[in-house]
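Chemist: The following block contains the structure, expressed as structure tokens.
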DNA sequence: CTCTTTTCCAGCGTTCGCGTTGGAAAAGAG
DNA sequence: CTCTTTTCCAACGCGAACGCTGGAAAAGAG
């Protein structure tokens, strides 16, 4: 081991997240990632083996981050609206993850690496929702997994079509963000409310 | 006029919609569009003046189509759930529009051509929601424009992150689509329900 | 110190898309 | 028919990104 190998890898990963989030799949280039990391592109190929593989790595990192940042145990005790609000906040503060997810959806057409790990992440959320239903805190009129997805959609669509959001609701000033967040929270509560 | 000019333009537009929807912004090439249209790429530059400009043209076309296909007058008389269901159906049957919208959101970072026209489209929807609120058919606890956007998000997020939808709710079989649609309809009703 | 191993980069040939140009082919005007 | 106009294409030069290779530079082993 020599010459801060881990540091080099880390800088490549950080640059990759930033580039993947800023450009689209075909617009992101290994050259630019390497440049942003202050490293020769050969390092990227050697360490991560190409664009697709590098993408998988950084997406896995970002998924781990969000799982830590926006945890959820059970919607029997936690409010769905609060959760949706925190998801909205996270997407706003760290737009990388949602960009990467849409990147993946747009480019890879359903194919996913680390499928097992990913399913586990979503399984936790779905289980939290089921738990809420069993304790009567959440409506049973929508399946837990669909309800979970719909709550996430309330927080996520804003960044998927920001231009539509702007034309409908106005430019995303600080106040407008607050209004959007309040709407998301209220909407999530309405979605999940049990009779 | 000679040599079916309009036909050539039309074939280019059709090929462009298909290509823009299939690939990402930087992955879509004028060469491929021209090839799919059975035409030399010079025709594309001459008629439409480049990728960005061609994109605007076909997006305008698709917006006009959806406005005709999923009309809405007022949510005082029309059910928000039904509307959301029809939007879901439209996205499913003609995924091009939503792909183009996300394309635009991903690539152009908020810049939009035909902004006036676009605002009018969304204004109609928002007005229909306001009308519903004034007649007591729709809740006032969420602003009309935010509520409109959130209803659209319920129908749209599925196609933005199809891999997440699949891992959460299962592969999109015919039955699963029916379940998703039912969830969207129910969710939209719950969102809009007035006390 | 020398020798070996690992990290790292300059630079290569290739491919691909861009946007343009010059001129051929087709349709109409006279 | 000839002349003019319009439609269309083959093909160009250019730049950018790809993925790889040979070898230099740095760190440790002896």
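Protein chains in written order, with my numbering: chain S, 439 to 633; chain V, 439 to 633.
Just so it is clear, CB atoms sit at the ideal spot from N, CA and C, and this is done for glycine as well.
Which class does residue 579 of chain S belong to by DSSP, given the choice of helix, strand or coil?
Modeler: In the structure shown, residue 579 of chain S sits in coil (DSSP, three-state: anything other than H, G, I, E or B).
Chemist: Go ahead and pull the three-state DSSP assignment for residue 484 of chain S.
Modeler: Helix.
Chemist: Using only alpha-carbon positions, find the residue among V/491, V/621, V/578 and V/588 that is nearest to residue 607 of chain S.
Modeler: Minimum Cα distance to residue 607 of chain S is reached at V/588.
Chemist: Comparing alpha-carbon positions, which option in S/600, S/447, S/609 and S/616 lies nearest residue 536 of chain V?
Modeler: Comparing Cα-Cα distances from residue 536 of chain V to each of S/600, S/447, S/609 and S/616, the minimum goes to S/600.
Chemist: Quick check on residue 586 of chain V: does DSSP put it in helix, strand or coil?
Modeler: Here residue 586 of chain V sits in helix by DSSP.
Chemist: Going by DSSP in three states, residue 499 of chain S sits in which element: helix, strand or coil?
Modeler: Helix, per DSSP.
Chemist: Give the straight-line distance between the Cα atoms of residue 500 of chain S and residue 593 of chain V, rounded to the nearest whole angstrom.
Modeler: Cα to Cα, residue 500 of chain S sits roughly 26 Å from residue 593 of chain V.
Chemist: Secondary structure at residue 514 of chain S, three-state DSSP: helix, strand or coil?
Modeler: Note: residue 514 of chain S maps to coil in three-state DSSP.
Chemist: Taking the alpha-carbon of residue 471 of chain V as reference, which of V/449, V/484 and V/491 has the nearest alpha-carbon?
Modeler: Nearest of V/449, V/484 and V/491 to residue 471 of chain V, Cα basis: V/449.
Chemist: Can you have a look at residue 491 of chain S and say buried or exposed, based on whether 16 or more other CB atoms are within 10 angstroms of its CB?
Modeler: Answer is exposed; the Cβ neighbour count stays below 16.
Chemist: Could you tell me which of V/633, V/620 and V/508 sits nearest to residue 529 of chain V, measuring between CA atoms?
Modeler: Residue 529 of chain V has its Cα closest to that of V/508, out of V/633, V/620 and V/508.
Chemist: Taking beta-carbon pairs under 8 Å, can you tell me which members of the region 504 to 527 of chain V lie near chain S?
Modeler: If the cut-off is 8 Å between Cβ atoms, the region 504 to 527 of chain V has nothing near chain S.
Chemist: Quick one: does residue 477 of chain S have its CB under 8 Å from some CB of chain V?
Modeler: False, the Cβ-Cβ gap to chain V never drops below 8 Å.
Chemist: Could you check the C-alpha separation between residue 616 of chain S and residue 622 of chain S for me, to the nearest Å?
Modeler: When rounded, the distance between both Cα atoms is 10 Å.
Chemist: Check the Cβ of residue 463 of chain V against every Cβ in chain S and list those closer than 8 Å, keeping chain order.
Modeler: Within 8 Å Cβ-Cβ: 462, 464 and 465.
Chemist: Could you tell me which chain V residues have their CB closer than 7 Å to the CB of residue 556 of chain S, listed as they occur along the chain?
Modeler: The contacting residues are 605.
Chemist: Can you confirm whether residue 532 of chain S, when its beta carbon is compared against all beta carbons of chain V, has any partner nearer than 8 Å?
Modeler: Chain V, which has no Cβ nearer than 8 Å to the Cβ of residue 532 of chain S, makes this no.
Chemist: If you measure from the beta carbon of residue 601 of chain S to each beta carbon in chain V, is any gap under 8 Å?
Modeler: Closer than 8 Å: yes.
Chemist: Going by the CB atoms, is the gap between residue 466 of chain S and residue 457 of chain S shorter than 8 Å?
Modeler: Yes.
Chemist: Whole angstroms are fine: how far does the CA of residue 451 of chain S sit from the CA of residue 487 of chain S?
Modeler: If I take the Cα positions, the gap works out to 13 Å.
Chemist: Assuming residue 547 of chain V is part of the alpha helix (DSSP H), what are its boundary residues?
Modeler: Where residue 547 of chain V is concerned, there is no enclosing alpha helix (DSSP H), given that its DSSP letter is neither H nor E.
Chemist: What are the start and end residues of the alpha helix (DSSP H) that includes residue 443 of chain V?
Modeler: Segment 443 to 460, the alpha helix (DSSP H) holding residue 443 of chain V.
Chemist: Just to confirm, are residue 513 of chain S and residue 583 of chain S a CB contact at a threshold of 8 Å?
Modeler: In this structure, residue 583 of chain S does not lie closer than 8 Å to residue 513 of chain S by Cβ.
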